[in-house]
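Reading through the structure tokens given below for one structure.
Residue numbers (UniProt numbering): 1 to 417.
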């Protein structure tokens with residue numbers, strides 16, 4: 001205790017410096033401490049109340065008043081502490097300290113606490129105002145793009161897929177939502193275009209043979225033409241064309257729905273692919289196409305007929321769109337627990353625009369040529385669904401005038417060795 005040390009220092013040569021003790025005592029009074037200094041024989045050397053009891057009472061009462069204002073629930077009372085005064089190990093006197101306890105507040109403490117309360121109130125008010133402003137800004141920053149998303153989805157529901165939303169917001173989740181909406185709108189736009197193209201193509205595919213048959217039958221009925229074998233065969237060919245279209249649509253319906261059933265068995269892919277290539281030898285020779293083969297011996301659990309249908313479709317397209325003296329490279333290999341079948345040609349290739357639609361039903365990159373060859377544009381769609389049913393995927397890598405590479409990926413989890 002600092003007062004204790006100061007009073008002990010006021011003792012020297014077996015006597016007390018009473019003036020020094022008085023200065024220490026009066027300073028202590030202003031701090032709310034009333035001291036009594038005694039010598040070792042309990043004789044009073046200096047006593048604060050004897051020095052100025054009125055001032056002492058006034059200060060103590062003020063402290064009580066301040067303490068009640070600040071901490072009204074605290075039970076305060078006069079407290080007395082006693083200390084021995086020593087120099088070294090020798091007892092030189094005793095010190096008694098009277099104060100208000102267990103806590104007390106001086107005027108300066110009350111002023112400080114009041115100022116602190118005001119500062120905290122002002123800070124709280126400022127933080128409240130700032131929180132309102134920040135909250136409004138955040139809600140605006142969040143609600144603005146959300147409102148745009150709502151407007152965009154309303155447009156999408158009305159069939160307007162072309163109006164995208166800019167992803168220039170600072171909130172990652174909002175940008176991700178906008179990106180998803182834009183992707184959905186883009187996909188719907190593609191599907192709408194495909195639907196329109198499908199309607200037009202189906203209409204054309206149906207109208208052409210029907211119109212042809214109608215014209216020929218009317219001519220025969222009117223007696224303009226004789227029902228010759230040649231004309232009847234022409235009508236029959238058109239009926240066959242209609243039948244092929246119907247069968248193709250039925251095949252597509254089975255593949256895209258839940259009706260596609262797989263009859264899996266363990267087969268050797270090398271044997272399957274080699275057999276298929278053998279069946280294409282004449283077409284390859286007719287166009288003088290150089291066929292290169294790199295096939296590994298791989299046993300795998302698949303539906304042999306359906307996977308053969310996929311490979312046949314892709315190889316048939318490769319031959320069809322590869323010019324004379326071109327090249328086709330067929331590979332079969334394993335990588336990262338998957339089996340890959342790659343069919344690469346040096347044909348006309350596929351544009352970037354067409355690649356986005358190449359697996360969509362009834363889509364054809366060269367419609368006039370496809371009609372000449374009898375295609376209706378669902379071979380690759382069916383191929384994709386068959387591969388998906390096996391848990392795999394099919395992708396195309398192509399550039400216009402640089403050929404195409406169709407890659408079939410099948411999981412090895414059902415493979416044998």
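C-beta atoms are modelled at their ideal positions from N, C-alpha and C, and glycine is treated no differently.
Here the structure is a predicted model, which is why all the values come from computation and not from measurement.
Status (buried if at least 16 other CB within 10 Å, exposed otherwise) for residue i
i	result
residue 46	buried
residue 417	Residue confidence for residue 417 is low, a pLDDT of 40 falling below 50, so the modelled location carries little weight; the figure read from the coordinates is stated next. Exposed, because fewer than 16 other Cβ atoms sit within 10 Å of the Cβ of residue 417.
residue 357	buried
residue 207	exposed
residue 211	exposed
residue 163	exposed
residue 372	Its pLDDT being 46, under 50, residue 372 is placed unreliably in this model, and the value from its coordinates should be taken loosely. Exposed: under 16 other Cβ atoms inside 10 Å.
residue 236	exposed
residue 383	buried
residue 330	buried
residue 90	exposed
residue 421	This structure gives no information on residue 421, because the portion of the chain shown stretches from 1 to 417.
residue 321	buried
residue 161	buried
residue 71	exposed
residue 346	buried
residue 33	buried
residue 138	exposed
residue 380	buried
residue 132	exposed
residue 112	exposed
residue 140	exposed
residue 317	buried
residue 247	exposed
residue 215	exposed
Endpoints, the beta strand (DSSP E) within which residue i is located
i	result
residue 121	Segment 107-157 is the alpha helix (DSSP H) holding residue 121; no beta strand (DSSP E) there.
CA nearest to the CA of residue i, picked from the options
i	options	result
residue 169	142, 92, 394, 130	142
residue 287	130, 343, 326	326
residue 410	379, 253, 100, 302	302
residue 311	182, 230, 408	408
residue 333	378, 350, 293	293
residue 398	350, 360, 130	350
residue 63	54, 76, 51	76
residue 306	297, 134, 276	276
residue 308	280, 226, 71, 323	280
residue 4	72, 60, 67, 92	92
residue 153	185, 111, 391, 109	185
residue 41	57, 94, 31, 24	94
residue 98	199, 29, 131	29
residue 243	101, 262, 233, 209	209
residue 245	392, 390, 336, 203	203
residue 337	328, 392, 353	392
residue 100	290, 57, 156, 113	57
residue 65	107, 54, 159	107
residue 241	213, 262, 224	213
residue 88	11, 49, 17	11
residue 404	355, 390, 389, 300	355
Enclosing alpha helix (DSSP H) for residue i [first to last residue]
i	result
residue 295	Note, residue 295: premise wrong, no alpha helix (DSSP H); beta strand (DSSP E) at 290-295.
residue 74	Residue 74 -> no alpha helix (DSSP H), and no H or E assigned at all.
residue 321	304-321
residue 382	379-389
residue 282	281-286
residue 355	352-355
Bridge-paired residues (DSSP) for residue i
i	result
residue 226	Paired residues: none, contrary to the question.
residue 341	332, 408
residue 301	266
residue 97	35, 81
residue 41	Partner(s): none; residue 41 has no beta bridge.
residue 395	407
residue 11	16
residue 4	Looking at the DSSP assignment, residue 4 forms no beta bridge with any residue, so it has no partner.
residue 216	None, per the DSSP bridge assignment.
residue 87	90
residue 47	36
residue 327	290
Rounded Cβ spacing between residue i and residue j (contact assumed at less than 8 Å)
i	j	result
residue 394	residue 387	5 Å
residue 145	residue 119	About 39 Å separates the two Cβ atoms, so there is no contact after all.
residue 343	residue 315	6 Å
residue 85	residue 8	5 Å
residue 69	residue 110	7 Å
residue 298	residue 260	The Cβ separation is near 23 Å, so there is no contact.
residue 24	residue 36	Wrong, their Cβ atoms sit about 12 Å apart, outside the cutoff.
residue 122	residue 149	No, residue 122 and residue 149 are not in contact; Cβ-Cβ is about 41 Å, not under 8 Å.
residue 304	residue 267	5 Å
residue 385	residue 194	16 Å between Cβ atoms; not a contact.
residue 289	residue 328	6 Å
residue 156	residue 165	No, residue 156 and residue 165 are not in contact; Cβ-Cβ is about 11 Å, not under 8 Å.
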